[in-house]
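K.L.:
Residue numbers (our numbering), protein chains in the order written: chain A, 1 to 601; chain B, 602 to 916. Note that CB positions come from ideal geometry on N, CA and C, so glycine has one too.
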Amino acid sequence: MSGSATMKRVEVIKESRRPTAWQLLMNNTLAAIGFYLICAVILVAVAAPLLPIPNPDATSLAERFLPFGSPGHLLGTDHLGRDVLARLIWGTQVSLLVGISASVIAAFFGSAIGLVSGYAGGRTDNLMMRGIDMLMAFPYILLALAIVAVLGPGLMNALYAISVVNIPFFARNIRGITIGLSHREFVDAARLSGKGHLSIILTEILPNVLPVIVITMSTTVGWMILETAGLSFLGLGAQPPQADLGSMLGEARTQMFTHPFVATAPGLMVFIIVMSINLLGDGVRDALDPRLRAGALSRPRAVTRIERRDTPTAQPAGGAALNVVELETSFEGTKGPEPAVKGVSFSLSKGECLGLIGESGSGKSVTALSLLGLVASPPGIITGGRVDIDGEDILSMPETKITSYRGGKVAYVFQDPLTTLHPLFTIGDQVAEAIRVHQPVSQTEARAKAVELFKAVRLPDPEQRSSAYPHELSGGQRQRVGIAMALANDPDIIIADEPTTALDVTVQAEILRLLQVLREERGLALLFITHDFGVVAQICDKVAVMRYGKIVEAGATSEVLRNPQHDYTKRLIACVPKPGQGRAFLEGVRALLDREARGRA
Amino acid sequence: MTGYIVKRLFAAIPVLVGLSIIVFLIMAAIPGDPATAILGAFATPENVARINQQLGLDKPLWDQYFIWVGNLLHGDFGRSYILNRPVLDEILERFSATLILAGTSLVICSFLGLLAGIVSAVRQFTWVDRVVTFFVLIGISMPSFFLGLLMIIVFAVQWRLLPPSGMFAAYGGGDLPDLLRHLVLPAATLSVVATGVIARLTRASMLEVLRQDYVRTARAKGLDERTVIYKHAFKAALVSVVPVIGIQAGFVLGGAVYIETVFQWPGIGAMLVKAISTRDILLVQGGVLVVAAAYVFFNLLADVAQSLLDPRLKT
Numbered sequence: 001m002s003g004s005a006t007m008k009r010v011e012v013i014k015e016s017r018r019p020t021a022w023q024l025l026m027n028n029t030l031a032a033i034g035f036y037l038i039c040a041v042i043l044v045a046v047a048a049p050l051l052p053i054p055n056p057d058a059t060s061l062a063e064r065f066l067p068f069g070s071p072g073h074l075l076g077t078d079h080l081g082r083d084v085l086a087r088l089i090w091g092t093q094v095s096l097l098v099g100i101s102a103s104v105i106a107a108f109f110g111s112a113i114g115l116v117s118g119y120a121g122g123r124t125d126n127l128m129m130r131g132i133d134m135l136m137a138f139p140y141i142l143l144a145l146a147i148v149a150v151l152g153p154g155l156m157n158a159l160y161a162i163s164v165v166n167i168p169f170f171a172r173n174i175r176g177i178t179i180g181l182s183h184r185e186f187v188d189a190a191r192l193s194g195k196g197h198l199s200i201i202l203t204e205i206l207p208n209v210l211p212v213i214v215i216t217m218s219t220t221v222g223w224m225i226l227e228t229a230g231l232s233f234l235g236l237g238a239q240p241p242q243a244d245l246g247s248m249l250g251e252a253r254t255q256m257f258t259h260p261f262v263a264t265a266p267g268l269m270v271f272i273i274v275m276s277i278n279l280l281g282d283g284v285r286d287a288l289d290p291r292l293r294a295g296a297l298s299r300p301r302a303v304t305r306i307e308r309r310d311t312p313t314a315q316p317a318g319g320a321a322l323n324v325v326e327l328e329t330s331f332e333g334t335k336g337p338e339p340a341v342k343g344v345s346f347s348l349s350k351g352e353c354l355g356l357i358g359e360s361g362s363g364k365s366v367t368a369l370s371l372l373g374l375v376a377s378p379p380g381i382i383t384g385g386r387v388d389i390d391g392e393d394i395l396s397m398p399e400t401k402i403t404s405y406r407g408g409k410v411a412y413v414f415q416d417p418l419t420t421l422h423p424l425f426t427i428g429d430q431v432a433e434a435i436r437v438h439q440p441v442s443q444t445e446a447r448a449k450a451v452e453l454f455k456a457v458r459l460p461d462p463e464q465r466s467s468a469y470p471h472e473l474s475g476g477q478r479q480r481v482g483i484a485m486a487l488a489n490d491p492d493i494i495i496a497d498e499p500t501t502a503l504d505v506t507v508q509a510e511i512l513r514l515l516q517v518l519r520e521e522r523g524l525a526l527l528f529i530t531h532d533f534g535v536v537a538q539i540c541d542k543v544a545v546m547r548y549g550k551i552v553e554a555g556a557t558s559e560v561l562r563n564p565q566h567d568y569t570k571r572l573i574a575c576v577p578k579p580g581q582g583r584a585f586l587e588g589v590r591a592l593l594d595r596e597a598r599g600r601a
Numbered sequence: 602m603t604g605y606i607v608k609r610l611f612a613a614i615p616v617l618v619g620l621s622i623i624v625f626l627i628m629a630a631i632p633g634d635p636a637t638a639i640l641g642a643f644a645t646p647e648n649v650a651r652i653n654q655q656l657g658l659d660k661p662l663w664d665q666y667f668i669w670v671g672n673l674l675h676g677d678f679g680r681s682y683i684l685n686r687p688v689l690d691e692i693l694e695r696f697s698a699t700l701i702l703a704g705t706s707l708v709i710c711s712f713l714g715l716l717a718g719i720v721s722a723v724r725q726f727t728w729v730d731r732v733v734t735f736f737v738l739i740g741i742s743m744p745s746f747f748l749g750l751l752m753i754i755v756f757a758v759q760w761r762l763l764p765p766s767g768m769f770a771a772y773g774g775g776d777l778p779d780l781l782r783h784l785v786l787p788a789a790t791l792s793v794v795a796t797g798v799i800a801r802l803t804r805a806s807m808l809e810v811l812r813q814d815y816v817r818t819a820r821a822k823g824l825d826e827r828t829v830i831y832k833h834a835f836k837a838a839l840v841s842v843v844p845v846i847g848i849q850a851g852f853v854l855g856g857a858v859y860i861e862t863v864f865q866w867p868g869i870g871a872m873l874v875k876a877i878s879t880r881d882i883l884l885v886q887g888g889v890l891v892v893a894a895a896y897v898f899f900n901l902l903a904d905v906a907q908s909l910l911d912p913r914l915k916t
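(1) Give the DSSP bridge partners of B:P687, in chain order.
(2) Determine the extent of the alpha helix (DSSP H) in which A:Y548 is found, giving its start and end residues.
(3) So, does the CB of A:R253 fall closer than 8 Å to a CB anywhere in chain B?
(4) State yes or no: is the C-beta of A:V214 within less than 8 Å of the C-beta of A:I177?
(5) Which bits of chain B does A:H438 rub up against, with CB to CB less than 7 Å?
(6) Hey, A:I435 and A:A468: beta-carbon distance below 8 Å or not?
(7) Report the neighbours of B:D814 on chain A: residues whose CB is nearer than 8 Å to its CB, in chain order.
(8) Rounded to the nearest angstrom, what separates A:I539 and A:R447 at their Cα positions?
(9) DSSP has B:V723 in a bridge; who is on the other side?
(10) Are the beta-carbon atoms belonging to A:L327 and A:V410 less than 8 Å from one another?
(11) Listing by chain order, which chain B residues have their CB less than 7 Å from the CB of A:I141?
(12) Answer yes or no: do B:T803 and B:L909 have a C-beta to C-beta separation smaller than 8 Å?
(13) Can you pull out the residues from the region 884 to 914 of chain B whose beta carbon lies closer than 9 Å to at least one beta carbon of chain A?
(14) In whole angstroms, what separates the C-alpha of A:G295 from that of A:D286?
(15) With a threshold of 8 Å between beta-carbons, can A:G267 be considered close to chain B, or not?
(16) May I have the straight-line CA-CA distance separating A:I53 from A:F109, to the nearest angstrom?
(17) Shorter than 8 Å from the beta carbon of B:I614 to some beta carbon of chain A?
(18) Less than 8 Å between the CB atoms is what I'm expecting for A:L145 and A:V98, so what's the real figure, rounded?
(19) DSSP state of A:E553, grouped into three classes?
(20) What residues in its chain sit with their C-beta under 6 Å from that of A:I167, if we drop five residues either side in the sequence?
(21) Opposite A:N323 in the DSSP bridges: which residues?
(22) Could you tell me which residues DSSP puts in a beta bridge with A:I495?
(23) Please classify A:I402 as buried or exposed, where buried requires at least 16 neighbouring CB atoms within 10 angstroms.
(24) Classify A:K542: buried if its beta carbon has 16 or more other beta carbons within 10 angstroms, exposed otherwise.
(25) Evaluate the contact criterion for the region 393 to 408 of chain A versus the region 812 to 828 of chain B: three or more CB pairs, one atom per stretch, below 8 Å.
(26) If contacts are defined as beta-carbon pairs under 8 Å, then A:Q479 and A:P417 qualify, I think. What distance do you get, rounded to the angstrom?
(27) For B:H783, would you say it is in contact with chain A, using Cβ-to-Cβ distances shorter than 8 Å as the test?
(28) From what residue to what residue does the beta strand (DSSP E) around A:L473 run?
(29) Roughly how many angstroms separate the alpha carbons of A:G69 and A:L75, rounded to a whole number?
(30) Where does A:T334 sit, in a helix, a strand or coil, going by DSSP?
(31) Counting contacts by CB-CB distance shorter than 8 Å, is A:L395 in contact with chain C?
(32) With A:R40 and A:M224 assumed to form a contact (beta carbons below 8 Å), what rounded beta-carbon distance in angstroms separates them?
(33) At which residues does the alpha helix (DSSP H) containing B:L674 begin and terminate?
(34) Hey, how far is the Cα of A:D125 from the Cα of A:I174?
(35) Between the C-alpha atoms of A:L143 and B:A876, what's the straight-line distance to the nearest angstrom?
(36) Apart from the five residues just before and just after B:A894, which ones in its own chain have a Cβ nearer than 8 Å to its Cβ?
Here is the structure:
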């Protein structure tokens, strides 16, 4: 009975949070199977007194070991002539009851500890969590054994033991959530209104942690049923004549070789119960985890999916190193692909710097990543356009060919070098690896070259630093490493995706100067993505302004700066403060934002 | 690195102290009077007092604890009256058998779990992934004591491929091949659940890591997909899997209780079950303490392994 009540509570919570969670759960075939299976098992177990089955304890020595399918004994009889089916159903009832009770007890005490500990914080929290940590330092089953050793064998004692060893799980989970909640405004408000601590915990915090308690229960109840059955199997739980599934299995073990079926029935039943609870629990978690629904956890492919409706014909762009025509990149949404880049075209010649500027969400980074198919896919799809490098359409090439362009002819510098460098490899190894992908050199040679590159980007102490890990460097140094990696194979084109945004102003200036020098020295074509017109003015020959996935204005930087045509461009330019401008800058920006707001309304 | 290991070793000391306090308190909570148990129900009060004094039971609980720990540190775990031998001797003998079983299982589950998890993540949504997911589900839902029985029926009774129980053959055995033959079924059974847990977690963390910016960087370098997955993504995923392998050591050591009973493996788990039924409290006390300490040690190993993988953790 309490089993079905638990289920119902899970549903209620899901439905009140997200109306589609229940449908999602039922759409998940496996979760639905689990749900119906466990419901069926619970139903049969609850209905045991009403079913036309013999008394499970009635022995009949004349009818020992009747085979499967005997008249009156559908599943046969055991070594005392007792009906296996009847014992199975009654045993299931006991096992479910014990497992679910253990889970309720563990949830009650564990949640109480978690709530108090998380709410009180400080020394109380510290002390309680140390105790919980101690309990968790024991192998789970061993602690249960120790408790049974003290209390003596018996079903109730097994139940207590299993409850106690599960308390830490609840205490930890609930404490985590409670700590977050106890600093929230509504709790402060309740405190100010003069509510007592107990009342705050029960009326303000408990309702908010209830879903977590239910989810933790749904994921641990299977284990608890399994473990109590295990203790009974060892002879430490249910004592004859009382029988749960575990003790049935334990008793039947002695006749395992001659009459395996007597043991198989209870074993299979435990398996079915635990599996259906696991299926249901996984389903509940998946349904409540929005990331899984968005497909965020599906594996990204090596190259973005390319599904172009039509390929524009090549336009002769004389001498352009990079020529992008009508590029369209979309993201899979609930209602089909939604374009984020809507037909972007630009070209970039050797030695030239093009600034692609726009606010976050304008599609500029997606554009940059699309050029070599680096947009995470799923959900990204390149749905149209072409990207010509030296007159060849990249997007028509086989994947291995596209990969060979990466870091070779075309290199990327990314925004936040702390997340874009691998945290577990030294910077020297990471740059050397980039070299060895494209050049047939030994590891030692590659390491030496890496040090050369570090010198070129003016990383201090290049020899020493090359065996440092990214977290041991400053932000500016990390970005120098990022640039060194991009230079590793003498690329023709560097695509720099907001390379200075994560850095402070002085470091930003140094990095920009470095890029400028390198560009002149090596004749690089530079595609520079930024949201800062100041940066564009400093280093770019040309600029393209992006908004809502489209280029709204493009031209020579000086031209655009002097005479911006589009309102949005003006706004971006106004966002660059000028020396000596003072508060007038804020006034100017505010006027633009006000106009924008009115325009949208 | 050595500094880190030493630091971790010292950090394990309070945990061990905590474990010993808990074990001591649990055993102190056992109802009944040891003196009466030794002398019988008709003991005179003087004799009871004398025994209590001998056993140190007239002293405050704290003193008793310190005496007990002092004895432990001298290798004196007490004497098992039922087996009539020192507890430590029995435990050491049994524990080596458990370590062989649990250690083998830990190697199996780490290897298979990682392998299945990676393959499943890399071939996400293909039939390989579905097969792995299916077996993982069965593995983590199957009661190990039932699976053990099935293994015996199929491999030992029906097909007669492997011995059904024990650690060595009764006659003519005792060498390594004999041990290995006896080890296959229990070790395989014991590693099933842990394999499932590790496979599941490896799959999830691989999928998580493959979304990270630095994996995109690896791709932007022009690395082939194999290097991206097996070098860049796997190393990062391993950092979050290794501590869970440490936790699985606990499940394997604990699960040995069932497996040793089913396969009559002469380890510490089977000893504990028997000792609980015979109320051989000193044996239970010592056994629980040793296994728990072993678990702390395995977790320590996992910590050190993790810090070897992740340079950010060393400081």
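P.N.:
Walking through what the data contain:
(1) B:R680
(2) That residue, A:Y548, is in no alpha helix (DSSP H); it is neither H nor E in DSSP.
(3) yes
(4) no
(5) G823
(6) no
(7) F414, D416, T419 and T420, listed in chain order.
(8) 31 Å
(9) DSSP, once it has assigned bridges, lists no residue as partnering B:V723.
(10) no
(11) G855, G856 and V858
(12) no
(13) V885, Q886, G888, V889, V892, A893, A895, Y896, V897, N900, L910, D911, P912 and R913
(14) No answer about A:G295 holds up, because its pLDDT of 46 lies below 50 and its placement is not dependable.
(15) With 8 Å as the cut-off, A:G267 counts as an interface residue toward chain B.
(16) 38 Å
(17) no
(18) That pair is no contact at about 17 Å.
(19) strand
(20) A106, F109 and G110
(21) A:S347 and A:D388
(22) A:Y412 and A:L527
(23) buried
(24) buried
(25) yes
(26) 5 Å
(27) no
(28) No beta strand (DSSP E) contains A:L473, which DSSP labels as neither H nor E.
(29) Going from the Cα of A:G69 to the Cα of A:L75 covers about 6 Å.
(30) In this structure, DSSP gives A:T334 a state outside helix and strand, which the three-state scheme calls coil.
(31) Going by chain labels, chain C is absent from the structure shown, which instead holds the protein chains A and B.
(32) Before going on, a small fix: residue 40 of chain A reads as Ala here, not Arg. Actually they do not touch by this definition, with Cβ atoms about 20 Å apart.
(33) Per DSSP, the unbroken alpha helix (DSSP H) holding B:L674 starts and ends at L662 to L674.
(34) 12 Å
(35) Computed Cα separation, rounded: 15 Å.
(36) L617 and L620
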